[in-house]
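Chemist: Provided herewith is a single structure, encoded as structure tokens, for subsequent inquiry.
Numbering (this note's numbering), first residue to last: 2 to 729.
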């Protein structure tokens with residue numbers, strides 16, 4: 002949780018033990034860290050040569066795991082959920098992406114012999130009689146995904162690979178790809194682009210294709226658009242990294258394919274405009290240390306999160322400068338390089354920083370992490386492209402505190418310059434439809450995500466939410482789920498109303514400015530992010546998920562009641578107001594519980610008598626403090642008579658082992674309160690990091706806000722002295 006990453010060497014550099022042992026290229030990338038120790042830029046992967054060296058090291062590192070012809074690249078580790086054959090195809094196709102970007106950006110110059118190597122693999126993989134033949138699209142759905150990577154790079158590197166293939170090999174490639182035409186089995190998600198890309202390539206080489214397929218898929222893509230540059234990955238509320246590395250990346254790449262000119266002509270301007278708008282939000286979701294948001298499925302793709310920034314550079318978007326786009330991409334990739342990905346052997350494993358198998362979905366195999374290659378798309382751009390020649394420009398969180406509302410996913414995004422952390426407060430994303438009664442996915446349905454923390458992902462977290470959750474508890478301690486909630490409003494304003502009316506944008510919820518607000522600095526208005534949602538919370542008798550694609554568990558749900566939650570966000574703090582509106586009576590409810598941010602590392606905890614729980618770990622502080630308590634007589638300010646000593650009020654720290662990709666033990670502060678329908682309970686949820694790594698006093702600015710509730714009007718005094726008033 003730092004603004005400047007501390008590198009894993011005793012002298013602040015990338016130590017020798019962390020250097021990929023794959024030749025001079027990788028060592029040059031690592032050695033440059035020492036030269037830049039005093040440079041405020043966070044990434045050791047900054048210049049185009051840095052990127053090229055890293056790519057060459059990664060491509061060299063996988064060679065020992067290739068089959069004799071190179072058609073299958075089966076990386077070490079237990080086979081993925083789809084088996085070894087799919088793993089080998091993924092290893093080829095996804096590293097082919099990276100090889101293709103290198104070839105294209107060098108105009109075919111090829112000192113590593115990439116073209117010849119991958120051409121040999123294409124010849125064997127598409128040969129039905131070869132012992133190294135690939136799983137075919139009509140045999141396994143995953144082959145449809147990998148077919149798109151093959152088609153993209155065959156188009157991008159046409160003069161150096163496709164045009165030099167023997168006629169017989171070209172025909173076999175066409176025959177391998179052709180079954181996708183008319184195939185109705187593509188999921189109605191980002192997968193639509195896999196068919197569009199393959200059929201467009203087939204069209205360009207005289208193979209079979211269907212205009213109806215392409216036009217229907219493009220219409221489906223447009224149906225997922227939710228405004229302000231944001232797509233959902235499917236019909237539900239699936240907002241995650243696929244928005245950038247799929248829903249925006251593929252339109253840009255596809256429109257430049259040889260077979261796409263007339264198909265893309267009428268939509269190119271609109272697609273670029275949507276990407277342009279999305280990137281204004283996307284650059285705000287990168288931490289100062291380059292960490293991307295730890296949210297959503299397929300996190301093992303790691304620095305694929307840099308892909309939309311390169312797509313913006315390729316498309317020439319007007320609103321985010323080339324220098325800022327490169328800064329974002331370099332920061333993301335550098336974040337992982339500096340945290341050991343690629344690993345000591347130059348390989349990407351299933352994990353986040355290091356190996357951590359539980360982060361994988363069922364579809365993830367040993368070759369899957371190489372979708373990270375998308376994050377190195379910038380190498381396809383020549384050295385004289387503005388994205389490489391322009392000076393880097395800082396990210397929004399590096400320039401100052403940043404606060405925006407993102408309407409489509411129902412997010413408030415708050416970045417703080419002091420620690421470089423970006424936080425998301427979530428009221429509209431759950432990877433489900435409104436009204437669903439499934440379980441909460443830790444990857445989607447938590448109230449908070451950040452660039453410096455990870456949600457708990459152990460089995461218990463899928464069944465009984467703790468971190469960043471508001472739940473009702475029954476007599477056996479079983480916690481409710483909120484998936485299917487209704488977004489009531491999201492916006493940024495001055496003391497804005499956030500009640501039951503729906504709305505987005507500044508002053509969402511229709512409240513407008515509600516009273517005096519000032520800052521310690523110039524006495525001007527204090528901006529606050531606000532979001533609200535209502536959930537028909539439910540217990541779940543869960544069943545194992547056969548798909549395991551990131552959604553919450555299915556099972557039999559039992560209604561518990563209606564809970565309304567309002568978030569007020571400023572800086573590192575969220576003031577969270579919770580009202581149990583009604584109870585179903587299906588089971589007795591004993592308490593309402595709120596959980597804070599999960600931290601990993603050597604933790605120290607404190608739980609004082611004033612109803613404040615603090616966890617300190619890894620230079621970060623997670624705080625949960627009661628501001629307005631619940632009593633049978635109504636709400637009272639915490640610490641006053643009748644507040645913290647209410648019978649049944651409890652607090653503590655939940656510790657989970659092997660539940661986070663960031664550390665062996667994760668700790669979460671939590672508070673409970675009595676349930677009084679119609680009565681507000683208000684807590685402060687804080688996440689603070691240190692700009693200089695783990696040091697004493699990292700929580701020096703972590704004093705919680707104060708709050709006074711008068712009916713449904715909440716007045717908050719923030720740590721910086723600003724006072725804002727809000728109608729709940």
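Heads up, the beta-carbon is just placed ideally off N, CA and C, and yes, glycines get one too.
State the beta-bridge partners of residue 413 as determined by DSSP.
Modeler: DSSP lists 406 and 426 as partners of residue 413.
Chemist: Roughly how many whole angstroms lie between the Cα atoms of residue 403 and residue 586?
Modeler: Using only the alpha carbons, I get a separation of about 43 Å.
Chemist: Give the straight-line distance between the Cα atoms of residue 571 and residue 415, rounded to the nearest whole angstrom.
Modeler: So the two alpha carbons sit approximately 7 Å from each other.
Chemist: Do the region 250-267 and the region 285-300 touch if we need at least three Cβ pairs shorter than 8 Å?
Modeler: Flag = no, the region 250-267 and the region 285-300 do not touch.
Chemist: In whole angstroms, what separates the C-alpha of residue 466 from that of residue 488?
Modeler: Approximately 20 Å, taken between the alpha carbons.
Chemist: Would you call the CB atoms of residue 473 and residue 593 closer than 9 Å?
Modeler: It is a contact, given that the beta carbons lie within the stated cut-off.
Chemist: Going by alpha carbons, who is nearest to residue 463 out of 552, 379, 390 and 535?
Modeler: Checking every option, the nearest Cα to that of residue 463 belongs to 552.
Chemist: With a threshold of 16 other CB atoms inside 10 Å of the CB of residue 171, please say whether the residue is buried or exposed.
Modeler: It counts as buried.
Chemist: Look up residue 192 in the DSSP assignment and say whether it is helix, strand or coil.
Modeler: In this structure, residue 192 counts as coil in the three-state DSSP scheme.
Chemist: Could you give the distance in angstroms between the alpha-carbon of residue 310 and the alpha-carbon of residue 325?
Modeler: Roughly 9 Å between the two C-alpha positions.
Chemist: Measure the Cβ-Cβ separation of residue 149 and residue 93 and say whether it is below 9 Å.
Modeler: Cβ atoms of residue 149 and residue 93: not closer than 9 Å.
Chemist: Do residue 152 and residue 199 have their beta-carbon atoms positioned less than 9 Å apart in this structure?
Modeler: In contact: residue 199 and residue 152 (Cβ atoms closer than 9 Å).
Chemist: Would you mind working out which of 359, 82 and 373 sits nearest residue 348, comparing C-alpha positions?
Modeler: The residue with the shortest Cα to Cα distance from residue 348 is 373.
Chemist: Exposed or buried, residue 212, counting other C-beta atoms within 10 Å across all chains shown (16 or more means buried)?
Modeler: Classification for residue 212: exposed.
Chemist: Looking at C-alpha atoms only, which residue of 90, 626 and 429 is the closest neighbour of residue 732?
Modeler: Outside the displayed span of the chain (2 to 729) sits residue 732, for which this structure offers no information.
Chemist: Note down, in chain order, each residue of its chain lying with its Cβ closer than 7 Å to the Cβ of residue 104, except the 5 sequence neighbours on either side.
Modeler: These residues qualify, in order along the chain: 111, 115, 116, 158 and 161.
Chemist: Could you spell out the range, first to last residue, of the beta strand (DSSP E) harbouring residue 671?
Modeler: Residue 671 -> beta strand (DSSP E) spans 664-674.
Chemist: At 4 residues or longer, what runs of the alpha helix (DSSP H) sit wholly inside the region 62-125?
Modeler: List check, alpha helix (DSSP H) in window: 85-106.
Chemist: Would you decide whether residue 531 is buried or exposed? Buried here means 16 or more other CB atoms lie within 10 Å of its CB.
Modeler: Buried, since its Cβ has 16 or more Cβ neighbours within 10 Å.
Chemist: May I ask you to verify whether the region 274-292 touches the region 441-449, counting CB pairs closer than 8 Å and requiring at least 3?
Modeler: Segments in contact, no.
Chemist: Quick check on DSSP: helix, strand or coil for residue 134?
Modeler: Residue 134: coil per DSSP, three-state reduction.
Chemist: So, does the region 68-85 touch the region 50-59, judging by three or more C-beta pairs under 8 Å?
Modeler: The region 68-85, when compared against the region 50-59, does not touch it at the 8 Å Cβ threshold.
Chemist: Look up residue 442 in the DSSP assignment and say whether it is helix, strand or coil.
Modeler: Three-state DSSP puts residue 442 in coil, outside helix and strand.
Chemist: Confirm, please, whether the CB-CB distance from residue 667 to residue 566 is below 9 Å.
Modeler: Taking 9 Å as the Cβ cut-off, residue 566 and residue 667 do not qualify as a contacting pair.
Chemist: Provide the residue span of the alpha helix (DSSP H) that contains residue 751, from first to last.
Modeler: In the structure as shown, the chain begins at 2 and stops at 729. Residue 751 is therefore absent and cannot be evaluated.
Chemist: So is residue 399 buried or exposed if we call it buried at 16+ other beta carbons inside 10 Å?
Modeler: Buried, since its Cβ has 16 or more Cβ neighbours within 10 Å.
Chemist: Considering only the alpha carbon of each residue, which of 680, 623 and 74 lies closest to residue 653?
Modeler: Comparing Cα positions, the closest option is 623.
Chemist: Any chance the region 552-561 sits against the region 571-580, with 3 or more Cβ pairs inside 8 Å?
Modeler: Judged by Cβ distances under 8 Å, the region 552-561 makes no contact with the region 571-580, as fewer than three pairs qualify.
Chemist: In chain order, what residues of the same chain lie with their CB nearer than 7 Å to the CB of residue 126, ignoring the 5 residues before and after it?
Modeler: Only 72, 93, 133, 134 and 135 meet the Cβ criterion.
Chemist: Tell me the DSSP secondary structure of residue 463 in three-state form.
Modeler: Helix, per DSSP.
Chemist: Per DSSP, what kind of secondary structure is residue 472 in: helix, strand or coil?
Modeler: In the structure shown, residue 472 sits in a strand (DSSP, three-state: E or B).
Chemist: I think residue 376 touches residue 307, with their Cβ atoms under 8 Å apart; what is that distance to the nearest whole Å?
Modeler: Sure, about 4 Å apart at Cβ, within 8 Å.
Chemist: Taking the alpha-carbon positions, what's the residue 314 to residue 248 distance?
Modeler: Whole-angstrom Cα-Cα distance: 16 Å.
Chemist: Is residue 544 helix, strand or coil when you go by DSSP?
Modeler: Strand.
Chemist: Is there contact here, the region 228-245 with the region 428-440, by at least three beta-carbon pairs under 8 Å?
Modeler: Yes, the region 228-245 touches the region 428-440.
Chemist: Assuming residue 319 contacts residue 277 under a Cβ cut-off of 8 Å, what Cβ separation, rounded to an integer in Å, is found between them?
Modeler: Correct: roughly 6 Å between the Cβ atoms.
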